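Numbering (UniProt numbering), first residue to last: 1 to 318.
Every residue gets a Cβ at the ideal spot worked out from N, C-alpha and C, and that includes glycine.
Keep in mind that this is a model prediction, so the values were computed, not measured.
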């Protein structure tokens, strides 16, 4: 797991507190969660926190003053739709966020979200509703156009901060990405997957089957009556890819707006699973789009449901 989960201690801030860098945007989220159980991922996160606490104790002895806080830098550059809506990842984040604030809220000094994009907002919208105000107040969120490098340099010395994050630290060969300190994110080989993900959704009893003909779309409508509910989806095609988008309209006779832009998704190895928090009551429309294909119809199997807030936030990690 050390090879593929992008957690890296890059040094210490100006007060001596450890700084953990998480290259979330480039991580192979689907591959990671296909290779470990969610409970194992949570255990690894707890192990990482214990490692940081040990570094705090070492710093306390070294500096002769109490060092008790931790910094987290999440880089969301290159975050994809599939990663941002991955159901296993979001459920694990929900569990971990609640565990973190219940047990370590006083240990968090700052959380930096870098290169926060639209896809980031999809994931954060799921997690932020379980975070206490004391934790939310420690989050610093920056878009790609913001001066997040300057913000980091205010708290971390430039010789500690890697050059690609705004500092001056490089590898001995001058590489600004400090690959010896922060190894590049790697794709998880399919040979490490826990099971052979032969397509099986089509064999389930509670799925719908449709054929989306060439140059056409299939729209499925779901009414959400309680804000904070979750729209959960799972689908696969018999072959090739399919476009997927989510639209929203506040009432049946109103005009729809695009909530999730269309993404062409391959399900050649396993079904696509995702979820979206529904902040408003209204009509949510899942669109399977084959309008770009001039030649091929797509045989589609899917299962979509709306779950209430209580069921969605009481996550069972196994």
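If you compare alpha carbons, which of the options is closest to residue i?
i           : options               : result
residue 299 : 22, 150 and 242       : 242
residue 297 : 9, 213 and 226        : 213
residue 60  : 28, 17 and 97         : 17
residue 246 : 85, 137 and 78        : 85
residue 155 : 6, 255, 282 and 11    : 11
residue 205 : 301, 44, 188 and 274  : 301
residue 49  : 69, 39, 37 and 65     : 69
residue 74  : 103, 152, 291 and 64  : 152
residue 232 : 187, 254 and 278      : 278
residue 144 : 188, 78 and 256       : 78
residue 106 : 130, 122, 81 and 134  : 134
residue 21  : 184, 217 and 132      : 184
residue 111 : 227, 137 and 53       : 137
residue 142 : 172, 55, 76 and 62    : 76
residue 218 : 235, 167 and 42       : 235
residue 176 : 160, 113 and 187      : 160
residue 83  : 303, 230, 238 and 26  : 26
residue 6   : 186, 15 and 132       : 186
residue 207 : 226, 256 and 304      : 304
residue 253 : 171, 274 and 282      : 282
residue 45  : 132, 98 and 81        : 98
residue 43  : 114, 240 and 95       : 95
residue 19  : 3, 53, 164 and 40     : 53
residue 237 : 265, 248, 216 and 121 : 265
residue 248 : 280, 226 and 229      : 280
residue 81  : 29, 109, 170 and 100  : 29
Would you call residue i buried or exposed, if buried means 16 or more other Cβ atoms sit within 10 Å of its Cβ?
i           : result
residue 116 : buried
residue 23  : buried
residue 267 : buried
residue 311 : Confidence is the limiting factor: at residue 311 the pLDDT is only 45, short of 50, which leaves the residue's position unreliable, though a coordinate-based value still follows. Counting Cβ neighbours within 10 Å, residue 311 comes out exposed, since fewer than 16 surround it.
residue 13  : buried
residue 47  : exposed
residue 271 : buried
residue 118 : exposed
residue 58  : exposed
residue 67  : buried
residue 211 : exposed
residue 64  : exposed
residue 162 : buried
residue 148 : buried
residue 51  : exposed
residue 292 : exposed
residue 167 : buried
residue 273 : buried
residue 201 : buried
residue 62  : exposed
residue 71  : buried
residue 39  : exposed
residue 55  : buried
residue 215 : exposed
residue 229 : buried
residue 131 : buried
When DSSP builds the beta bridges, which residues end up paired with residue i?
i           : result
residue 285 : 221 and 247
residue 163 : None; residue 163 has no bridge partner.
residue 100 : Paired residue(s): none; residue 100 is not in a bridge.
residue 303 : 234
residue 169 : 162
residue 273 : 234
residue 16  : The partner list for residue 16 (beta bridge, DSSP) is empty, contrary to what the question assumes.
residue 112 : 73 and 140
residue 118 : Answer is none; residue 118 lacks a bridge partner.
residue 124 : DSSP output for residue 124 lists no bridge partner at all.
residue 298 : 212
residue 278 : 229
residue 265 : 242
residue 9   : 20
Does the segment 90 to 99 come into contact with the segment 126 to 143, if we say contact requires no fewer than three beta-carbon pairs (one atom in each stretch) closer than 8 Å? The segment 90 to 99 is in contact with the segment 126 to 143.
Three CB pairs or more closer than 8 Å across the segment 284 to 295 and the segment 176 to 195: These segments do not touch.
Taking only runs of the beta strand (DSSP E) that begin and end inside the segment 175 to 263, which ones reach a length of at least 3 residues, in chain order? If we require 3 residues or more, the beta strand (DSSP E) runs fully inside the segment 175 to 263 come out as 208 to 212, 217 to 224, 229 to 237 and 241 to 249.
Which residue spans inside the segment 19 to 47 form an unbroken beta strand (DSSP E) run of at least 3? Note on the segment 19 to 47: there is no whole beta strand (DSSP E) run with a minimum of 3 residues.
Cβ pair count under 8 Å reaching 3, the segment 260 to 274 against the segment 221 to 229: Contact check between the segment 260 to 274 and the segment 221 to 229: fewer than three CB pairs, one atom from each, fall below 8 Å, which does not count as touching.
Restricting to runs no shorter than 3 residues, where is the beta strand (DSSP E) found entirely within the segment 57 to 101? Entirely contained in the segment 57 to 101, the beta strand (DSSP E) runs reaching 3 residues are, in chain order, 70 to 75.
Ignoring anything shorter than 4 residues, give me the alpha helix (DSSP H) runs that lie fully in the segment 131 to 159, in order along the chain. Correct list: 133 to 136 and 148 to 155.
Can we say the segment 24 to 36 touches the segment 173 to 180, given the rule of at least three CB pairs closer than 8 Å? With the cut-off at 8 Å, the segment 24 to 36 and the segment 173 to 180 do not touch.
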